[in-house]
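Chemist: In the numbering used here, the protein residues as written are 12 to 87.
(1) By the three-class DSSP mapping on this structure, what secondary structure does residue 56 have?
(2) Check whether the Cβ atoms of residue 29 and residue 78 lie closer than 9 Å to each other.
(3) Let me check you understand the geometry: is the CB of residue 65 closer than 8 Å to at least one non-hydrogen atom of the ligand NAD?
(4) Ends of the alpha helix (DSSP H) at residue 71?
(5) With C-beta atoms as the reference, is residue 21 less than 9 Å away from residue 62?
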């Protein structure tokens, strides 16, 4: 991928993250109300996995942006 494409991907990703933070629902309270302890453990582990993916989504835009800037500056 070229530097301009990577920078474009990083910027679009950043805009999606900003939109998600502005519009998205931040309520995870429904995960803690489960009828049995076994289901609660399954739901909690799923919630932690989703939160990990959410964190990767929030900071993942930096990777293509930094790579694109590095490639762009390296060729100049």
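Even glycine gets a Cβ: it sits at the ideal position worked out from N, Cα and C.
Here the structure is a predicted model, which is why all the values come from computation and not from measurement.
Modeler: According to the data block:
(1) helix
(2) The answer is no: Cβ separation not under 9 Å.
(3) Absence of the ligand NAD from the depicted structure is noted, as is the absence of any ligand whatsoever, leaving it without description.
(4) It is not in any alpha helix (DSSP H) - residue 71 carries neither H nor E in the DSSP assignment.
(5) Taking 9 Å as the cut-off, the beta carbon of residue 21 is found no closer than this to the beta carbon of residue 62.
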